[in-house]
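The sequence shown begins at 21 in the working numbering and counts up by one.
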Amino acid sequence: MSAEIAVRNPRTGQTDYRFTPPSADALEAAAARLRAAQPAWAALSIEARMERLSAWADAMEARLDEIAAALEADTGRRRVARLEVAGAIASIRGWVQAAPQLAPRADWTPGRSNPALKHSGQYVPYALVGVISPWNFPLTLSLIDAIPALAAGGAVMIKPSEVTPRFAQPVAASLADAALSDLVAFAPGAGETGQQVIALSDLVCFTGSVATGRKVAAACAQRLIPAFLELGGKDPLIITASADIDLAVRAALRGSVLSTGQACQSIERIYVDRTIHDVFLERLIEAARAVRLNWPDITQGEIGPVIFDKQAAIIAAQIEDARSRGAVVHTGGQVETHGGGLWIRPTVLSNVDHTMSVMTEETFGPVLPVMAFETVEEAVALANDTVYGLSAAVFAGDLDEAEAIARRLDAGAVSLNDAALTALFYEAEKQSFRQSGLGPSRMGAAGLTRFYRRKALIANTGEPAPLSAFREDG
Ligand code: NDP
Numbered sequence: 021m022s023a024e025i026a027v028r029n030p031r032t033g034q035t036d037y038r039f040t041p042p043s044a045d046a047l048e049a050a051a052a053r054l055r056a057a058q059p060a061w062a063a064l065s066i067e068a069r070m071e072r073l074s075a076w077a078d079a080m081e082a083r084l085d086e087i088a089a090a091l092e093a094d095t096g097r098r099r100v101a102r103l104e105v106a107g108a109i110a111s112i113r114g115w116v117q118a119a120p121q122l123a124p125r126a127d128w129t130p131g132r133s134n135p136a137l138k139h140s141g142q143y144v145p146y147a148l149v150g151v152i153s154p155w156n157f158p159l160t161l162s163l164i165d166a167i168p169a170l171a172a173g174g175a176v177m178i179k180p181s182e183v184t185p186r187f188a189q190p191v192a193a194s195l196a197d198a199a200l201s202d203l204v205a206f207a208p209g210a211g212e213t214g215q216q217v218i219a220l221s222d223l224v225c226f227t228g229s230v231a232t233g234r235k236v237a238a239a240c241a242q243r244l245i246p247a248f249l250e251l252g253g254k255d256p257l258i259i260t261a262s263a264d265i266d267l268a269v270r271a272a273l274r275g276s277v278l279s280t281g282q283a284c285q286s287i288e289r290i291y292v293d294r295t296i297h298d299v300f301l302e303r304l305i306e307a308a309r310a311v312r313l314n315w316p317d318i319t320q321g322e323i324g325p326v327i328f329d330k331q332a333a334i335i336a337a338q339i340e341d342a343r344s345r346g347a348v349v350h351t352g353g354q355v356e357t358h359g360g361g362l363w364i365r366p367t368v369l370s371n372v373d374h375t376m377s378v379m380t381e382e383t384f385g386p387v388l389p390v391m392a393f394e395t396v397e398e399a400v401a402l403a404n405d406t407v408y409g410l411s412a413a414v415f416a417g418d419l420d421e422a423e424a425i426a427r428r429l430d431a432g433a434v435s436l437n438d439a440a441l442t443a444l445f446y447e448a449e450k451q452s453f454r455q456s457g458l459g460p461s462r463m464g465a466a467g468l469t470r471f472y473r474r475k476a477l478i479a480n481t482g483e484p485a486p487l488s489a490f491r492e493d494g
C-alpha cells in the first residue's frame with residue numbers, strides 16, 4: 021500500500037491536499053486498460069480521432085473554472101493558471117486542425133537502386149506513452165506531449181509532480197466527459213511512481229531537471245525505450261549597443277520574472293554592451309521595483325509565490341553566493357514570508373561574473389544578473405559558457421545584427437529582439453542542445469511525427485534473387 025502524500029499550498033505554506041499514489045498493481049491494471057483500448061483508437065482515421073479530441077477541448081472548456089481553481093491552489097497564481105487552461109484547450113484545438121495535414125502517409129515509391137523493388141510504409145504509433153511532468157506549469161507540461169501522442173494514436177499515462185497534483189482530478193473528469201478515460205490515465209505520485217510509469221511505457225516524455233532527467237534516461241536505457249527529455253536551462257540574453265534600451269528592459273524583465281522565474285526558458289543571465297550598461301541597469305532596476313507580488317490579493321500584482329519551498333532555498337543560496345563574491349544586489353535579494361508562503365521580488369544584480377553560481381547554475385527564480393561586455397565576441401563566448409543549451413535571446417538595433425549573433429549561440433532556440441518567445445510560439449521546431457535535453461522537437465510538425473515509428477514495406481515486382489547470385493566464385 022503506498023503512503024499518503026501531504027501537499028503544501030504555496031500561498032499559505034499549509035498542507036491542504038492529500039493523496040495516495042496508486043499501488044504498483046493498480047498502475048499495472050491502468051496500463052493494461054490503456055493498452056487494451058489503444059489499438060481501436062489507433063485504427064480510427066485521424067479525422068475521427070480529432071473529433072474525439074475536439075470533444076475533450078469542449079469538456080475542458082466546460083470545466084475551465086474548476087480546473088483553473090485547482091491549478092491556482094497548486095501554483096498560487098490566478099491569471100497564469102487560467103492562461104494554462106485556456107492554452108491547453110487552444111493546444112488541443114490547434115492539433116485537431118493541424119494533425120490531419122501533418123500525420124504522415126506513405127505512398128508506394130519505385131526503388132532508385134533496383135527498379136524492380138518499390139517501397140511504402142506504415143506509421144505505427146507508440147502504444148503507451150509515459151509523460152512525467154514538473155511543478156512549474158503543471159497542466160501545460162502534462163499535456164504538451166500527451167495531446168500529440170494521443171493524436172498520433174497512442175494512449176498516455178501522465179505522472180504529475182507530487183508538488184502540484186491537484187489539477188489532475190478535474191482534468192481526468194474532463195477526459196471522462198469526452199469518453200477518453202480508457203486512453204489517458206493519471207498516475208499521481210513521487211519519483212517512485214515515475215519509475216513505475218517508465219517500467220510500463222513504450223516511450224517516455226520527461227520534463228524536469230537535468231539530475232532527474234539522467235535517472236529517467238538511465239531507466240529508459242535499461243528497457244531500451246526512447247526517452248524524450250526536456251530539461252533545465254540557463255538562458256542568456258545579449259543586448260548590443262544599438263538596441264532600444266527601453267524595449268530591451270521590457271523583454272528582459274518579462275522574460276525573467278514571469279511566473280516568478282519558474283520557467284525553463286526564463287532569462288537567467290543578461291550581457292549588455294559596456295556603452296549602454298549603466299543606463300540599461302538603471303532602467304531595469306526601476307522597472308523591477310515596480311513589479312508587485314500577488315499577495316495578499318491574488319487578483320493584484322504580477323508575480324506569485326515560489327511554488328516549491330526547496331526551490332526558494334536554492335534561489336536564496338545563489339544570491340548569497342553572488343553577494344559574498346562581490347555582486348551588488350539592487351532590488352529584492354531575499355526570500356520573504358507572507359501568510360506562510362515564500363516570495364521573492366525581482367532581484368537585479370550587477371558586478372557579477374562566472375565564478376558565481378547565479379551565472380552558471382539554473383536559478384528558477386526572478387533573478388536578473390547583469391554583466392557588461394566589451395565586444396560581441398566576448399558576449400558570444402560568455403553566453404556559450406554553460407553546460408545548458410535550452411534557449412537564448414539577442415536584442416539589437418535591427419534583426420540582421422541580432423540574427424548574426426543568434427547563429428553563433430549554442431542553444432536550441434533563440435529569440436530575436438524579444439525574450440523567451442518559445443513560451444509563446446509553438447510552431448518552430450527546436451531541439452535542446454547540450455545538457456538541456458535529448459530527442460526530437462516537441463514543437464512544430466515533429467511534435468506529432470515523433471510519436472510514430474516508421475515501418476518499411478518493400479515489395480518485389482520482379483522475381484526474388486536466387487542464392488547463386490551471391491556465390492563467392494560468381
Ligand atoms: P524534477 O526533475 O525534480 O521533477 C520532474 C518530474 O520527475 C516530477 O514529476 C518528479 O516527481 C519526477 N521524478 C522525480 N524523481 C524521479 C525519478 N527517479 N524517476 C522518475 N521521475 C522522477 O523537476 P522539477 O519538478 O523540479 O521541475 C523543474 C525543472 O524542470 C527545472 O530544471 C526546469 O528547467 C525543468 N523544465 C524544463 C522544461 C523544458 O521544456 N525544457 C520546461 C519546464 C521545466 P516529484 O515532483 O513528485 O518528485
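Cβ atoms here follow ideal geometry from the backbone N, Cα and C, with glycine treated the same way.
Name the DSSP beta bridge partners of residue i, please?
i	result
GLY253	Answer is none; GLY253 lacks a bridge partner.
THR129	HIS139
GLY150	MET177, VAL224
ASP293	PHE393
PRO145	TYR472
ILE339	ILE339 pairs with nothing; no bridge assigned.
GLU356	TRP363
Relative to the ligand NDP, is the shortest distance from any of its heavy atoms to the C-beta of residue i smaller than 6 angstroms?
i	result
CYS284	yes
GLN142	no
SER181	yes
GLN215	yes
SER229	yes
ILE152	yes
ASN156	yes
GLY96	no
LYS330	no
LEU254	Per the sequence presented here, residue 254 reads as Lys, with Leu not at that position. Checking the Cβ of LYS254 against the ligand NDP gives no.
GLY467	no
GLY211	yes
THR40	no
LYS235	yes
Alpha carbons only, please: which of the options is nearest the one belonging to residue i?
i	options	result
ALA57	ALA46, LEU203, ALA88	LEU203
THR469	ILE167, SER221, PRO316, ILE323	ILE167
ASN29	ARG53, VAL183, GLY141	VAL183
ARG243	THR232, GLU250, VAL217	VAL217
ALA198	ALA108, ALA110, THR129, ASP78	ASP78
GLY228	ALA247, LEU220, ALA219, ALA241	ALA247
ALA118	ILE66, ALA108, GLU86	ILE66
ALA188	ARG132, GLY173, PHE206	PHE206
ASN437	GLN455, GLY275, PRO316	GLY275
ALA440	ALA51, ILE364, ALA268, ALA342	ALA268
Less than 7 angstroms between CB atoms is the rule here; does residue i satisfy it with respect to chain C?
i	result
PRO124	In the displayed structure, chain C is absent; only one protein chain is listed.
Could you tell me the alpha carbon to alpha carbon distance between residue i and residue j, rounded to whole angstroms?
i	j	result
ALA63	LEU487	39 angstroms
VAL311	VAL277	9 angstroms
ASN134	ARG125	23 angstroms
ILE259	ASN404	15 angstroms
THR213	VAL390	40 angstroms
ARG38	TYR146	33 angstroms
GLY352	SER279	16 angstroms
GLN398	VAL378	According to the sequence displayed, residue 398 carries Glu and not Gln. Roughly 19 angstroms separates the two Cα atoms.
ILE287	ALA337	19 angstroms
ARG474	TYR143	5 angstroms
ASN480	ARG491	21 angstroms
ASP94	GLY253	23 angstroms
Can you tell me which of the three DSSP states residue i falls into?
i	result
MET80	helix
PRO389	strand
VAL236	helix
TRP115	helix
TRP363	strand
LYS475	strand
THR406	coil
THR481	coil
LEU122	helix
ILE164	helix
ASP298	helix
PHE490	helix
ILE265	helix
GLY209	coil
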